[in-house]
Amino acid sequence: MLNPFEKVKIPPEVEDFIKSYLNKIPSIGGNTPKDRELRRVKSLEDSLSRYSEFVSTFPKVDELHPFYQEMVRIVAGDVDKLKMCLSAINRAVILSRKITRQYMGLIRKSQDEEANKLMRQCVGRINSILRKRSECVSWTIQVAKSLRRFKAIDPSLPTIVIAGAPNVGKSTLVGKISSAKPEVASYPFTTKEIHVGHIDLGFFKAQVIDTPGILDRPMAKRNKIELQAINAIKNLDGIILFIFDVSKTSLYSAKEQLDLYEEVRELGKRVIPVLNKIDDKDEKLYEEIKTKVNPEFEISAEKGDGINELLNYVISLMKREIGSKVLDK
9 MLNPFEKVKI PPEVEDFIKS YLNKIPSIGG NTPKDRELRR VKSLEDSLSR YSEFVSTFPK
69 VDELHPFYQE MVRIVAGDVD KLKMCLSAIN RAVILSRKIT RQYMGLIRKS QDEEANKLMR
129 QCVGRINSIL RKRSECVSWT IQVAKSLRRF KAIDPSLPTI VIAGAPNVGK STLVGKISSA
189 KPEVASYPFT TKEIHVGHID LGFFKAQVID TPGILDRPMA KRNKIELQAI NAIKNLDGII
249 LFIFDVSKTS LYSAKEQLDL YEEVRELGKR VIPVLNKIDD KDEKLYEEIK TKVNPEFEIS
309 AEKGDGINEL LNYVISLMKR EIGSKVLDK
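Using the working numbering, you'd call the opening residue of the sequence shown number 9 and step up by one each time.
Structural data, given as structure tokens:
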């Protein structure tokens, strides 16, 4: 599934559009003065398609996958404003085209010496209509550009989300279990980069996501945008691997990691606890965490120990889930 915003056709800013058209006018000629002005107005009418295509290629928010609906809410902030702006742009194009056709009719009936004046009146009215919507146009363009950048996460794919406190080895694990070098994608809910790897298993693909800045600290410390991002993650079809750092160099206590683990479990996904850096474990930290979560796997992401067993288990879970969905259809 492609990012639904990849095919949005971005138009120019209003002032850039006006400047470009005004610079183009002298180069548009004709067989007679009226023919020349008719061609100039028709060229303006045709140019307005840049904005109608923008509106028509912008996905209908209510029809999007829930993951992308959350993305729109995060980026735009106000979905109702986005819908109103798109509608305002569309109405501006419809009104502008109506005016160009009126003026083409007037030019056809006019004397040659009046044709240029009528063309200029038409252009002035269209420019005025567009400038009244310039704030909406500019804001919507920026929203669209931001949404187009989201190319790495595919909500239609089975997903493994890697969670845990900072510096517990999440990014290392993404690189180890992905069949390709992780992609890097910037999303609006974190100042850090998201790493997305893919696993090609022949009859299906899965994605592995490290989400720094979202699932690596207590809920109380997350801002509004991060909370929305968590809602987006809830809409991804998959499981969460929660990584504990049990090493002697761990930056977090057992309680800090366990508290975060309990909050991640509240997302409503299957959460698999994994003890990492087992090759350098702190016995006290290790026992404190192990007795609380009964981890299914102990690994060393850096050295690759236990990675295959973990991955095979996760893949078997996904295969069963996919099989169940096929049978349910």
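For glycine and all other residues, C-beta sits at the position ideal for the given N, C-alpha and C.
These figures come from a predicted structure and were not determined experimentally.
Taking 8 Å as the cut-off, decide whether the C-beta atoms of residue i and residue j are in contact.
i    : j    : result
D287 : K311 : yes
L293 : V254 : yes
I185 : L319 : yes
I241 : V169 : yes
L56  : S104 : yes
I247 : R278 : yes
Please work out which residues of its chain come closer than 8 Å, Cβ to Cβ, to residue i, disregarding the five sequence neighbours upstream and downstream, and give them in chain order.
i    : result
V303 : Strictly speaking, residue 303 in this sequence is Pro, with Val absent from that position. Answer for P303: F252, P281, V282, L283, I297, listed in chain order.
In chain order, what residues of the same chain lie with their CB nearer than 7 Å to the CB of residue i, ignoring the 5 residues before and after it?
i    : result
K213 : L165, H206, I207
P12  : P67, L72, Y76
S87  : Sequence check: residue 87 is Val here, not Ser. If we look at V87 and ignore the five residues flanking it on each side, its Cβ neighbours are V69, V80, R81.
On the criterion of 16 or more Cβ atoms from any shown chain inside 10 Å, does residue i qualify as buried, or is it exposed?
i    : result
D162 : buried
G38  : exposed
A188 : With a pLDDT of only 47 at A188, under 50, the local geometry of the prediction cannot be trusted, and the value read off the model is given with reservation. Per the 10 Å Cβ criterion, exposed.
D218 : buried
T180 : buried
M79  : buried
E14  : exposed
Indicate the three-state DSSP secondary structure (helix, strand or coil) for residue i in the structure shown.
i    : result
A309 : coil
K17  : coil
N175 : coil
Q215 : strand
N135 : helix
K289 : strand
R278 : strand
T148 : helix
N284 : strand
F250 : strand
K327 : helix
I33  : helix
Checking contacts by CB at 8 Å: is residue i closer than that to chain C?
i   : result
I82 : Among the chains of the structure shown, chain C does not appear; only one protein chain is present.
Given 8 Å, three or more beta-carbon pairs between the region 36-53 and the region 106-125: yes
Using 8 Å as the Cβ pair cut-off and three pairs as the minimum, do the region 20-29 and the region 142-159 touch? yes
Closer than 8 Å is the cut-off here; do at least three beta carbon pairs connect the region 96-114 with the region 45-65? yes
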